[in-house]
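Enquirer:
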Amino acid sequence: MFRDPRFVLVVAAAVGLWIPLTHVDWFQNFDLGGYIMRTVEWADELRAGHLYPRWAPDMYGGFGEPLFVFFAPAVYSVTGFLTATFLNPVMALQLVALAGSVISGVGVYALIYGETRQVNAAMLGAVAYLSAPYRLSDLYERGDFSEFCCIALLPAVLALYLAAAGEARPFRARALAACAALVHGIMIVTHTILGLWGSLLVGLVVFVRCVALYRSGAWRRVPPIVIALACAPGLAGAYIVPAMGYRGVTHAEALITGFYRPQNHWIPFSDLFGKTSYMFSKNFNRVGPLISVAGSVAIAGAALNLKRSGAALAWMAVSLALVTLTLPEGYAFWEPGRLPLAQFIQFPWRLLGPAVLTACIALGIGAAAILGRLGERLRTNLAIAGSAALLFFVAWPYAAAVSVPLSGFPQNPESLRSRVESATSADEFLPRAVAARPRHPREGLVSATENASVTSSWSDGSLHTLSITAATAGAVVHLAHYAFPGWSIRTRSGPAPASLDTDAEGMLRVQLPQSGQYLLEVAYRQPPLAWVGFAVTGLSFLMLGLMLLRGSSWWPRKLPVRWAGGAA
Amino acid sequence: MASQIARALGWGGSVNETFASSIARARAFTDCARSLYRDGFLSECHGYMCKALSLHLEAWSDAADNADAEPVGLRASRERAFEALARAGYRRIDRLRAAAEAIDSPPGAEVGCPNSVDFDWIWTEVERLAPFSARQALTPRARKLLRLRRGLLAAFSVALALVLAFRIWGRPRAQASAAYADTFSAENAVDGLEATEWLLPDSTAGWVDVILPFARTVKRVRLINAHNRISADRAARAVRVTAFTKQGSSVSVEGAFKHFSEDRSVLDLDLAARDVTRIRVEVLSHFRTGGGLAEVELQ
Chain A
31 MFRDPRFVLV
41 VAAAVGLWIP
51 LTHVDWFQNF
61 DLGGYIMRTV
71 EWADELRAGH
81 LYPRWAPDMY
91 GGFGEPLFVF
101 FAPAVYSVTG
111 FLTATFLNPV
121 MALQLVALAG
131 SVISGVGVYA
141 LIYGETRQVN
151 AAMLGAVAYL
161 SAPYRLSDLY
171 ERGDFSEFCC
181 IALLPAVLAL
191 YLAAAGEARP
201 FRARALAACA
211 ALVHGIMIVT
221 HTILGLWGSL
231 LVGLVVFVRC
241 VALYRSGAWR
251 RVPPIVIALA
261 CAPGLAGAYI
271 VPAMGYRGVT
281 HAEALITGFY
291 RPQNHWIPFS
301 DLFGKTSYMF
311 SKNFNRVGPL
321 ISVAGSVAIA
331 GAALNLKRSG
341 AALAWMAVSL
351 ALVTLTLPEG
361 YAFWEPGRLP
371 LAQFIQFPWR
381 LLGPAVLTAC
391 IALGIGAAAI
401 LGRLGERLRT
411 NLAIAGSAAL
421 LFFVAWPYAA
431 AVSVPLSGFP
441 QNPESLRSRV
451 ESATSADEFL
461 PRAVAARPRH
471 PREGLVSATE
481 NASVTSSWSD
491 GSLHTLSITA
501 ATAGAVVHLA
511 HYAFPGWSIR
521 TRSGPAPASL
531 DTDAEGMLRV
541 QLPQSGQYLL
551 EVAYRQPPLA
561 WVGFAVTGLS
571 FLMLGLMLLR
581 GSSWWPRKLP
591 VRWAGGAA
Chain B
110 MASQIARALG
120 WGGSVNETFA
130 SSIARARAFT
140 DCARSLYRDG
150 FLSECHGYMC
160 KALSLHLEAW
170 SDAADNADAE
180 PVGLRASRER
190 AFEALARAGY
200 RRIDRLRAAA
210 EAIDSPPGAE
220 VGCPNSVDFD
230 WIWTEVERLA
240 PFSARQALTP
250 RARKLLRLRR
260 GLLAAFSVAL
270 ALVLAFRIWG
280 RPRAQASAAY
290 ADTFSAENAV
300 DGLEATEWLL
310 PDSTAGWVDV
320 ILPFARTVKR
330 VRLINAHNRI
340 SADRAARAVR
350 VTAFTKQGSS
360 VSVEGAFKHF
370 SEDRSVLDLD
380 LAARDVTRIR
390 VEVLSHFRTG
400 GGLAEVELQ
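Protein chains in written order, with the working numbering: chain A, 31 to 598; chain B, 110 to 408.
(1) Please list, in chain order, the residues of the stretch 176-207 of chain A that have any C-beta partner in chain B closer than 8 Å.
(2) Is the number of C-beta pairs between the stretch 379-397 of chain A and the stretch 179-192 of chain A that are closer than 8 Å three or more?
(3) Determine, for B/C154, whether the minimum Cβ-Cβ distance to residues of chain A falls below 7 Å.
(4) From A/F100, A/G79, A/A397, A/D55, pick the residue whose C-alpha is nearest to that of A/R68; which is it?
(5) Classify A/P272: buried if its beta carbon has 16 or more other beta carbons within 10 angstroms, exposed otherwise.
(6) Please state whether DSSP places A/L259 in a helix, a strand or coil.
(7) Using a Cβ-Cβ cutoff of less than 8 Å, which residues in the same chain neighbour B/W316 once the five nearest sequence positions on both sides are dropped?
(8) Could you give the distance in angstroms between the alpha-carbon of A/G325 and the alpha-carbon of A/A392?
(9) Figure out for me which residue from B/L321, B/L257, B/A381, B/A263 has the closest Cα to the Cα of B/R280.
(10) Which residue marks the beginning of the alpha helix (DSSP H) containing A/I142, and which one marks its end?
(11) Residue range of the beta strand (DSSP E) that A/I498 falls in?
(12) By Cβ distance, which residues of its chain are closer than 7 Å to B/C154, with the 5 residues on each side in sequence left out?
(13) For a cutoff of 7 Å on Cβ pairs, would you count B/W316 as touching chain A?
(14) Do A/G267 and A/V40 have their beta-carbon atoms positioned less than 7 Å apart in this structure?
(15) What did DSSP end up calling A/G318 once you bin it into helix, strand or coil?
(16) Around the C-beta of B/Q408, are 16 or more other C-beta atoms found within 10 angstroms, so that it is buried, or is it exposed?
(17) When you compare the CB positions of A/G563 and A/P461, do they come within less than 7 Å of one another, or not?
(18) Which bits of chain A does B/W169 rub up against, with CB to CB less than 7 Å?
(19) Of the residues A/L125, A/V219, A/I223, which one's Cα is nearest the Cα of A/L51?
(20) Do you know offhand how far A/E444's Cα is from B/S370's?
(21) Where B/G156 and B/S163 are concerned, what is the direct C-alpha to C-alpha distance, given to the nearest angstrom?
(22) Give the interface partners of A/P254 over in chain B, defined as CB-CB distance under 9 Å, in chain order.
(23) Counting only C-beta atoms, is A/T449 closer than 7 Å to chain B at any point?
(24) Note the first and the last residue of the continuous alpha helix (DSSP H) segment covering B/K328.
(25) Examine the Cβ distances between the stretch 390-406 of chain A and the stretch 143-162 of chain A and report whether three or more of them are shorter than 8 Å.
(26) Can you name, in chain order, every residue of its own chain whose Cβ lies under 6 Å from the Cβ of B/F396, other than the five neighbours on each side?
(27) Just checking: is the beta-carbon of A/Q556 within a distance shorter than 7 Å of some beta-carbon in chain B?
(28) My guess is that A/L192 and A/G144 are in contact by the Cβ rule of under 8 Å, so how many angstroms apart are they, rounded?
(29) Closer than 8 Å between beta carbons: that is the criterion. Which residues of the stretch 536-560 of chain A meet it against chain B?
(30) Would the beta-carbon of A/S545 fall within 7 Å of that of A/A503?
(31) What's the gap between the Cα of A/A114 and the Cα of B/A352?
(32) Where B/I333 and B/T326 are concerned, what is the direct C-alpha to C-alpha distance, given to the nearest angstrom?
(33) Output yes or no for whether 7 Å exceeds the beta carbon distance between A/V132 and A/A44.
(34) Under 6 Å Cβ to Cβ from B/S359, same chain only, skipping five residues before and after it: list those, please.
(35) For the stretch 301-317 of chain A against the stretch 365-373 of chain A, are there 3 or more C-beta pairs whose distance is under 8 Å?
(36) Would you kindly report the start and end of the unbroken alpha helix (DSSP H) that includes A/M67?
Right under this line is the structure:
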């Protein structure tokens, strides 16, 4: 499958559609320089020794922000790692975009090939997905690297689950299921919202396939797939548990109010086909033509060979259902309180990503039924012509980056600290005790003292060392850093252990119980709920490990057999 | 291509061509079984899996035969295969024996369309035996080459991980009170390149901290002055270098560059401090419009 020249063409198309990103220093997008700033913060914290940073110490002019408690970490963990080793943030982001582009094509190619065993249909479907305006605009227009990568991983997740369900060899089937769970977990920590919606789609597809397995008599193959599916969100526990748990101590309600209410972002039906949109200069929601072509091919395929191409109609139905949810006709679905967490989608048109993916899968399966009736040469030529047409007529207008100078965005911690910057536009992750974003950057680590003098202070990211002399018992030092669960204090030397609490403005406050000289270390470490999350992730890995081990040579024999000391 | 070269060099190939071809046939049957399974033909798939297992066992039985051995029955052939497998170090012979007995049982005992309970454990044995047989079919030299390749891959992975870990945690970091612009950040002072510079904003005193990955002894600090190569308009004049340990500051020394120069300008300051975790270089005054440093080297 992967040695076929058509697979190479898919990879070439994926790379080609990424090339415009390399022609600019940075590009005009909705997110401005948010990804650069987050990458800088992750890389700096990583170099300071935090494997999974949660706190971004330089945001808001040095007051800090619990950014990575809430932001899905997958993209930043890669870009931060690359930045901390060899590259600058922009190059790291470009490489991640390249990986996302290639994974998109490879995932759809593998999925359709697995379902149809036809390389031409797989190529056509994969290029259709690569050409989808919404997918391209996620990168070039919106600059949302996380969502771009999330919808790149979604077809790979589906392909792996379906491969696990269709694999005869038991161990390999379990291994594929474990891989599917792993990639699924990564997808969830790539973009929370689409990770959640993508998981619902994955759950639906896996459910249908498991029912088919059960009915065919292969019911023993169902539990490993179900276990893998259940473990996937668990693998993301290290991120999900604290993110859900600490939502209440931030201004997270800003995520679903005002501009960000889903009810403000339905798209009219005409937007699915029109060149322009009332909201955006370039209408990236124009997926109508592609979905129409996919639907036509699926219907034609089903008419020619219903048994082989019937699944295409099912994929198409899912696609249309998802598109309907983005239209005003889907208003009832998004009513507040109707579905838990549904409001957090903010923009229902995000579902156009999965919608266009399912349409392209339908297109691939339908095309397999049609092309299967033709000679090898003709079907290859048709598939290549179709792919070229998709690239030129559908993808071309959307694969373009508008250059902006990089100098407008902070690219290192010093420059981040020197201005009041946040990587979010609604200040939704400011601690709740903080009323509003600061007006000026902080002037130093210590903002005020009461009956104490600070001899020296030094900061290394989210670790601060202070040497303080307390004139009286009960002296207080106010720090210019926002308080949040996860801050801790260690008294390296002093007459009594100092303690940390929050002042009326939501800042950290050091309490010194006795007079004397103190040497203190104030650091942001993993918040308590993060450890619960790590435990969930560890348990999920353990479950997957046990699932893999079962039935292998290393799996212990059943106890009665061992007691009997003999053969099975 | 690689396998052809390996064969030409005598590194590839099989111990026994007959054995290898039997294994290849068994693999083809397994592939057929997989295709049938994908299309939902469980009964037919099971049939092919059983044939694949039989072929594997026959291959092992034949490999155990010597040339003048007389033909034997199925049971004796199976026993010979199990003995050969046991000699080759195959684990769980008991389960393989049970699977062989299940597929050798008379046709009347078989179920028309098997369900998971019937076939899953037999297929597991086929899956386990296949790679073991394929490995055994290789010549000792080819097996050695395989081990060597795996060893090299593991060594490369470890080396890569070490290099990456060093890049992240093994080299000094820098942070500064301020920087003139993003392109003149504090990291430029510890990147080993004299062509890149850390520059302070105009007419501003400031500092750069060099944070060491491990506590160490620092005898001397070498400062290489900046000059802002495009405009040649700024450089540090008076500086103070302070060494910090975990307990706080330990040694401090002051010095000054004599004059502004567009060429390499070096200032060596003796420090002689132990257990240093951080060095702070303060720019107290400057030449022309502002201060800066090209490099801070610790000796």
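The C-beta atom is built at its ideal place from N, Cα and C for all residues, glycine as well.
Remember, it's a predicted structure, so these values are computed and weren't measured experimentally.
Expert: The relevant details are as follows:
(1) G196, E197, A198, R199, P200, F201, R202
(2) yes
(3) yes
(4) A/F100
(5) buried
(6) helix
(7) A285, S286, R389, V390, E391, V392
(8) 7 Å
(9) B/L321
(10) 119-146
(11) 493-500
(12) A142, L145, Y146
(13) no
(14) no
(15) helix
(16) exposed
(17) no
(18) The contacting residues do not exist; B/W169 stays about 17 Å from chain A at best.
(19) A/L125
(20) 27 Å
(21) 11 Å
(22) Ordered by position in chain B, no residue passes the 9 Å Cβ test against A/P254, which lies about 11 Å from the chain.
(23) Reading off the sequence shown, one finds Arg at residue 449 of chain A, where the question assumed Thr. Judged by the 7 Å Cβ criterion, A/R449 is not in contact with chain B.
(24) Not the alpha helix (DSSP H): B/K328 falls in the beta strand (DSSP E), residues 315-334.
(25) yes
(26) A344, R346, F369
(27) no
(28) 6 Å
(29) L549
(30) yes
(31) 25 Å
(32) 20 Å
(33) yes
(34) A352, A382
(35) no
(36) 64-77
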